[in-house]
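Residue numbers (our numbering), protein chains in the order written: chain Y, 1 to 362; chain H, 1001 to 1304; chain P, 2001 to 2296. Built from N, CA and C at the ideal position, the CB exists for glycine as well.
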Amino acid sequence: MQASISIKNLSLSFGALKVLKDLNLEVGQGEFLVLLGSSGCGKSTLLNCIAGLLDITEGQIFIGGRNVTWAEPSKRGIGMVFQSYALYPQMTVAGNLSFGLKNAGLPKAEIKERVDRAAKVLQIEPLLDRKPAALSGGQRQRAAIGRALVRDADVFLFDEPLSNLDAKLRADLRVEIKQLHQKLRNTMIYVTHDQIEAMTLADRIAIMRGGQILQLDTPHEIYNRPANKYVADFIGSPTMNFFDGKIESGEDPRFHTEGHSFPLHGYNFRSGAAVSAPAWLGIRPEHMVSGAEAENAPIRMDGVVELVEPLGSDTLARLTSGSHTLWIRMDGQAEVANGDRITVGFDAARANLFEKTSENRL
Amino acid sequence: MSDALQIPTPPAAGPSGRKPGKILSRRNIFIYGTLILVSLYYLLPLYVMVVTSLKGMPEIRVGNIFAPPVEITFQPWVKAWAEACTGLNCDGLSRGFFNSVKILVPSVILSIAIASVNGYALANWRFKGSETFFAILIVGAFIPYQVMIYPIVILLREAGLYGGLTGLVIVHTIFGMPILTLLFRNYFSSVPQELFKAARVDGAGFWSIYFRIMVPMSLPIFVVAMILQVTGIWNDFLFGVIYTKPDLYPMTVQLNNIVNSTQGVKEYNVNMAATILTGLVPLTIYFLSGKLFVRGIAAGAVKG
Amino acid sequence: MAAATGPARWHRNISAKIAAIPMIATALVIFIGGTAWTVVYSFTNSKLLPREKFVGLAQYERLWTSNKWLISIENLAIYGILSLIFALVIGFFLAALLDQKIRFEDTFRTVLLYPFALSFIVTGLAWQWILNPDFGIQHVVRSLGFENFAFDPLYNPDIVIYGVLIAGLWHETGLIMCLMLAGLRGIDEDIWKASRIDGIPMWKTYLFIVIPMMRGIFITAIVLVTSGIIKVYDLIVAQTGGGPGISSEVPAKYVYDAMFLSQNLGQGFAASTMMLLTVIIVVVPWAYLEFGGKRT
């Protein structure tokens, strides 16, 4: 795949504060890349660097094979959509869409054609004569996407575009953005702190923390094979259960934690084999089983239910087992009540092992 | 694909790193040049006042007002403070200074005390009509003082307070009320209502909530109000000249009488020393308070 | 709470009502009562003391035939319009410069705002000295060799009001700048980013996007400056004393002189009522735009 955007050794510092640390990133043509992380991780900063809104300290940025490291934002062939929409409030939607084009000196006919085309794609034709104040949140964001669209850019940058919307609209627009990407096949970089958005939209997700990319992978890999404990903890809700303990290597490697000893048969070690070392074992609540299934699971433990959260489709239960507290996701029809003593189990193949100090995947 | 992250790519040709920007770019020269010129213009009057006040009269007569003093003398300052004549008396600005202090202290305390309680009542204890009275108060802030001057003269005269300090203190309290009440009302409205409700559930009443919760939480806004009032009252001229007698005139009135008195030879160095002395109190407050001053005028500007 | 009905109602919230007495008294007695009193007595021929001998519009007829009043109005119009335009333009321009993420922003702002902390008396006297033709700018320029240079606004009846304008602008532009700066800081960062992505030059962004967005701040600044201008008094007293002759008189000074110097209360009341009228013409449309629309 040809790289649409490539970032080489990019660093950004404000004085002594290093905000982005020697980042390298290749985004393929037509790829949908999501930058995901909690606030302050540098994801929006990275996006602003790509857009040229922040001057970088070191490194290079290429867009469409062109070195744009020093190029003005408007000369980078990008369109950008902001969290606050950033529509020009005293212009109509049509005015917002065409202002940049007019300024670039495009012929009137072409401006009109582009605006009409964008309006059609986004289904905002009836809104073209309205001002932003007369639009709903979802309509505003559509108009803002339209402003990026008319630029005929190869690359679209989204800076938390859905964060100001309510849950229902967010879900709707998420689907629309995905459809838009399927229709246009532009390269898109999308910043969010919402893991659902990241998982549903992305071809690949880059999880960021402290100005670095911790893992860059498909949603499937990130969910199933998180590269380190932070990623494992960040993705998934409720979060992964962790056991503090140590690995004992050998013919039949085992994981010892307080009160239990789990066989690790079936776990796919990165290095191919187990090494004795202190470690964390993580298992997602949805990868744990209960009842009859648990009886057949390779790893079993008993626990007392102390909290039940019925969600309808599933039921979440929190149990204590010795010194451990575990979340388990059960079928929505499961009948479980506080104080019940139940058996839960899981398969080491579904588990995740992280080295104790580096917290990297084993 | 995911491994692309791990392998550092060799730097390619072309621009790399920080965008080259000259410190002396045209843009920077324009911005800083303009700001420095404007700043010099703004500082010029202060500079001229200071140098003039440090020169002797012979030097002023032959020299240039922008030139620094050849021979520094503090005599004009001494004279401005203690000996300058207003046409009525010759004890300098010191009398006006102490009058201003005597006016300032009770006015600031009384106006802030009343306005903060008003603002608190308006924010947390609304009663029927309270918003109407507040609206009248705010609209009243736009009425030219000249319209209300004389009725107040009559009221003060009837109360036997006309010409005295008490009357002037009341006038300052009245005319400071709109802006201060607005300031406190907006601030107290921003205090979480839960806190107020919780205190009420605990059985606290109007005054105990005010003194035990609101005041301790609101010290910054009290400081802003104080800055606003100290500068405003110190700089007042109109009310001072109308509502006090000559021997109680505040410093601004005294200053104007000294400088614009038609008797005797004009002593520009003394005049300038007197002018600086009068401006010293608000200037000190201004330079010490920094951002709070800006916050005060911004709060005032919200309504005018 | 439910018990607080019927006869017990009046003392509900009694502490708040007692605490609000000063405000209620000020609003009713001073602001409404005082204003009404002055307006009513402007129709009397009160001289040294107010008296209830109504003479219809006689005071107003006298006012509008008085040369001093006409000059006052003319001065107020010149001073008002020019100081409004210059204060807004210069204030916005300086605020835009300060908003360029510059170094020493606080220092510049402190320097540009300090005159506002000074009283008009101090401002007026300082500029009276600088504009003094025998010692100030005119003298300095002449001593540089330009013998015929003339710049003596305070001694020339034709241009004296511009001399006052210089001092007035020095005093108030910093305030407008601070307001504008607060307004600029209130503009969403993303708007600037969007305009950079769109490739709009900075001056165009200010002109077509940012300034229209700051409509509210501009209106507030206009109302603020205008209501200040109408009250202008101390500055004139200190800088020119209304002179030379009566060439720099303003309405506020006319009122004071009529009431307290020439024992002509009726004239003072009529003139102050005219000032009130001017304020109403400025403030009412603003208040209607600013607050009237939101209630509906």
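Does chain H have any CB closer than 8 Å to the CB of residue i?
{"i": "Q29/Y", "result": "no"}
{"i": "L2112/P", "result": "yes"}
{"i": "W327/Y", "result": "no"}
{"i": "P2244/P", "result": "no"}
{"i": "M2001/P", "result": "With a pLDDT of 41 at M2001/P, under the threshold of 50, the modelled position of this residue cannot be trusted, and the question is left open."}
{"i": "T69/Y", "result": "yes"}
{"i": "Y2233/P", "result": "yes"}
{"i": "A2126/P", "result": "yes"}
{"i": "I2130/P", "result": "yes"}
{"i": "A2252/P", "result": "yes"}
{"i": "M2275/P", "result": "yes"}
{"i": "T2038/P", "result": "yes"}
In the DSSP assignment, find the beta strand (DSSP E) that holds residue i and state where it starts and stops.
{"i": "Q2059/P", "result": "From DSSP, Q2059/P is part of no beta strand (DSSP E) but of the alpha helix (DSSP H) over A2058 to T2065."}
{"i": "H324/Y", "result": "H324 to D331"}
{"i": "D116/Y", "result": "Unbroken run through D116/Y is the alpha helix (DSSP H), K108 to L122; no beta strand (DSSP E)."}
{"i": "T2220/P", "result": "Unbroken run through T2220/P is the alpha helix (DSSP H), R2215 to I2230; no beta strand (DSSP E)."}
{"i": "Y85/Y", "result": "No beta strand (DSSP E) holds Y85/Y; DSSP gives it neither H nor E."}
{"i": "F32/Y", "result": "F32 to L36"}
Please confirm if residue i has its CB atom under 8 Å from at least one CB of chain Y.
{"i": "R2309/P", "result": "As displayed, chain P neither begins before 2001 nor continues past 2296, which places residue 2309/P out of reach and without an answer."}
{"i": "R2196/P", "result": "yes"}
{"i": "R2295/P", "result": "With a pLDDT of only 44 at R2295/P, under 50, the local geometry of the prediction cannot be trusted, and no value is derived from it."}
{"i": "K2047/P", "result": "no"}
{"i": "R1027/H", "result": "no"}
{"i": "G2186/P", "result": "no"}
{"i": "G2183/P", "result": "no"}
{"i": "P1015/H", "result": "yes"}
{"i": "K1291/H", "result": "no"}
Please list the terminal residues of the continuous alpha helix (DSSP H) segment that includes residue i.
{"i": "F1074/H", "result": "First-last for F1074/H: undefined, no H or E at that position."}
{"i": "P1058/H", "result": "M1057 to V1062"}
{"i": "N1099/H", "result": "G1092 to N1124"}
{"i": "D2234/P", "result": "D2234 to Q2239"}
With DSSP as the reference, identify every bridge partner of residue i, one or two as the case may be.
{"i": "E248/Y", "result": "R254/Y"}
{"i": "W280/Y", "result": "D244/Y and F354/Y"}
{"i": "P442/Y", "result": "Because chain Y spans 1 through 362 in this model, residue 442/Y falls outside it and cannot be assessed."}
{"i": "F2054/P", "result": "T2044/P"}
If contacts are defined as beta-carbon pairs under 8 Å, then residue i and residue j qualify, I think. What distance do you get, rounded to the angstrom?
{"i": "Y2079/P", "j": "L2165/P", "result": "6 Å"}
{"i": "A2252/P", "j": "Q2059/P", "result": "In fact, because the Cβ distance is near 17 Å, the residues do not count as touching under 8 Å."}
{"i": "I299/Y", "j": "A348/Y", "result": "6 Å"}
{"i": "I1149/H", "j": "I1233/H", "result": "With a Cβ gap of about 17 Å, I1149/H and I1233/H do not count as contacting."}
{"i": "R1095/H", "j": "Q1254/H", "result": "7 Å"}
{"i": "G1240/H", "j": "L1168/H", "result": "7 Å"}
{"i": "K43/Y", "j": "L54/Y", "result": "In fact, because the Cβ distance is near 13 Å, the residues do not count as touching under 8 Å."}
I'd like to confirm something about residue i: is its beta-carbon nearer than 7 Å to some heavy atom of the ligand PLP, or not?
{"i": "L1110/H", "result": "This structure does not include the ligand PLP; it has no bound ligands of any sort."}
Step through the CB atoms of chain P and report whether any lies within less than 8 Å of the CB of residue i.
{"i": "Y88/Y", "result": "yes"}
{"i": "G1279/H", "result": "yes"}
{"i": "A1004/H", "result": "Note that A1004/H scores 42 on pLDDT, short of 50, meaning its location in the model is unreliable and no value can be drawn from it."}
{"i": "A104/Y", "result": "yes"}
{"i": "G1296/H", "result": "no"}
{"i": "M1049/H", "result": "yes"}
{"i": "M188/Y", "result": "no"}
{"i": "P73/Y", "result": "yes"}
{"i": "M330/Y", "result": "no"}
{"i": "S249/Y", "result": "no"}
{"i": "M199/Y", "result": "no"}
Output needed in chain order: residues of the segment 44 to 66 of chain Y with a Cβ under 9 Å from some Cβ in chain P. N48, A51, G52 and L53
Within 8 Å of chain H by C-beta, residues of the segment 2210 to 2226 of chain P in sequence order: T2220, A2221, V2223 and L2224
At a CB distance below 7 Å, what residues from the segment 1121 to 1152 of chain H approach chain Y? Give them in sequence order. none
Along the segment 1209 to 1225 of chain H, where does the CB come closer than 7 Å to a CB of chain Y? Name the residues. Under the 7 Å Cβ criterion, the segment 1209 to 1225 of chain H contributes no residue.
May I ask you to list, following chain order, the residues of the segment 2017 to 2036 of chain P that have a beta carbon less than 8 Å from some beta carbon of chain H? Within the segment 2017 to 2036 of chain P, the residues whose Cβ lies closer than 8 Å to some Cβ of chain H are K2017, A2019, A2020, P2022, M2023, I2024, T2026, A2027, L2028, V2029, I2030, F2031, I2032, G2033, G2034 and T2035, listed in chain order.
Identify each residue in the segment 1228 to 1240 of chain H for which the Cβ-Cβ distance to at least one residue of chain P is less than 8 Å, and report them in chain order. T1231, W1234, N1235, D1236, F1237 and L1238
Members of the segment 1180 to 1213 of chain H near chain P, C-beta cut-off 7 Å: T1181, G1205, F1206 and W1207
Please name the residues in the segment 2162 to 2182 of chain P whose beta-carbon is closer than 8 Å to at least one beta-carbon of chain H, in chain order. W2170, G2174, L2175, C2178, L2179 and A2182
Give, in chain order, every residue of the segment 2062 to 2082 of chain P whose Cβ lies closer than 8 Å to some Cβ of chain H. none
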